[in-house]
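S.K.:
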Amino acid sequence: MKYKLVSLNETQNFREVTKQMDDIYGEQEHIPDHILKILSHKYPELFQVIYSNKELVGHLIVLPFNEVGLHKITDDENDEGDFELTDFNLDRNPESPVYFFVYSIYGKNIHASTHMIKQMCFGVKSYEKEVSSSSFIFAECVSPEGVRLSEKLGLRLYHSYNFRGTDLHLYKTDLKNFGLIFSSLEKPSHQHQN
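All letters in the sequence shown, in the order written, are residues 481 to 674 by my numbering.
1. Please classify S623 as buried or exposed, where buried requires at least 16 other C-beta atoms within 10 Å of its C-beta.
2. As a quick exercise: from D654, Q508, L565, I553, pick the residue whose alpha carbon is nearest that of V611.
3. What residue range does the beta strand (DSSP E) around D647 cover?
4. Would you say the segment 584-594 touches the segment 544-556, given that touching needs at least three Cβ pairs under 8 Å?
5. Taking only runs of the alpha helix (DSSP H) that begin and end inside the segment 552-613, which ones reach a length of at least 4 residues, in chain order?
6. Could you tell me whether the Cβ atoms of V716 and V604 are closer together than 8 Å?
7. Which of the three DSSP states, helix, strand or coil, is assigned to S630?
8. DSSP three-state call for L635: helix, strand or coil?
9. Thinking C-beta only, is Q528 closer than 8 Å to M596?
10. If you draw a straight line from the C-alpha of P544 to the C-alpha of H639, how long is it?
11. Is the beta carbon of S520 less than 8 Å from the beta carbon of N489?
12. Please report the straight-line C-alpha distance between Y531 and K499, rounded to a whole angstrom.
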């Protein structure tokens with residue numbers, strides 16, 4: 481099977497990706513498209529889609545929050561549609577911490593999933609020298625599978641909370657220790673045959 485990895489900002493298929501998210505997780509509110517578009521141009525390695533025979537088989541969206549956004553994401557008074565550009569780190573200044581949030585990662589099969597996870601690791605690591613050393617990556621885990629993947633990627637539980645009746649667990653690590661499991665692997669190419 482042939483896979484093609486493409487930056488989301490090259491395809492502009494934000495609606496296709498949010499539809500895929502709704503199909504997987506149930507219909508929900510999303511970060512507004514105009515914000516995703518701007519972020520995808522600032523952090524193209526963290527906004528990726530993967531195709532097989534012109535069919536969307538996966539996506540990766542990692543959001544670069546600033547401190548305001550970091551606090552806002554765990555506040556049950558906020559919906560995803562409430563986020564504004566001021567909640568994100570847009571300048572990639574070495575003095576400014578970035579809190580990379582694994583917003584959505586999906587692969588239709590094990591090969592697409594592995595490809596997206598590798599891309600996430602290499603994408604996040606590519607910004608390590610451009611942002612403050614106090615930056616970190618975090619993910620919200622609601623399933624045992626999510627916890628296992630987070631732990632394999634070097635993330636550890638740091639915060640649990642209840643969001644509108646659902647227990648959520650946040651896992652994090654600094655950028656230096658993120659994805660060490662993939663450090664010896666080859667960087668994912670934008671064209672892959674399997």
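The C-beta atom is built at its ideal place from N, Cα and C for all residues, glycine as well.
M.R.: Taking the geometry as given:
1. Working through the sequence shown from its first residue, we reach residue 623 at position 143. So S623 counts as exposed.
2. In the sequence shown, counting from the first residue as 1, residue 611 sits at position 131. D654 is the residue among D654, Q508, L565, I553 whose C-alpha sits nearest the C-alpha of V611.
3. Working through the sequence shown from its first residue, we reach residue 647 at position 167. Segment 646-654, the beta strand (DSSP E) holding D647.
4. Touching, no.
5. Runs found: 590-605.
6. Shown here, the chain extends from 481 to 674; a query on residue 716 therefore has no answer.
7. As a working mapping, residue 630 is identified with position 150 in the sequence shown. Three-state result, S630: helix.
8. Within the sequence shown, residue 635 is the residue found at index 155, counting from 1. Annotated three-state conformation of L635 is coil, per DSSP.
9. What you label residue 596 is simply residue 116 of the sequence shown in a count that begins at 1. What you label residue 528 is simply residue 48 of the sequence shown in a count that begins at 1. For M596 and Q528, yes; Cβs fall inside 8 Å.
10. By 1-based counting over the sequence shown, the position of residue 544 is 64. By 1-based counting over the sequence shown, the position of residue 639 is 159. H639 has its alpha-carbon roughly 19 Å from the corresponding atom of P544.
11. Stepping through the sequence shown from its first residue, residue 520 is reached at position 40. Stepping through the sequence shown from its first residue, residue 489 is reached at position 9. With respect to N489, S520 sits close: the two C-beta atoms are nearer than 8 Å.
12. Residue 531 sits at position 51 when you count from the first residue of the sequence shown. Residue 499 sits at position 19 when you count from the first residue of the sequence shown. The straight-line gap separating the alpha-carbon atoms of Y531 and K499 is approximately 15 Å.
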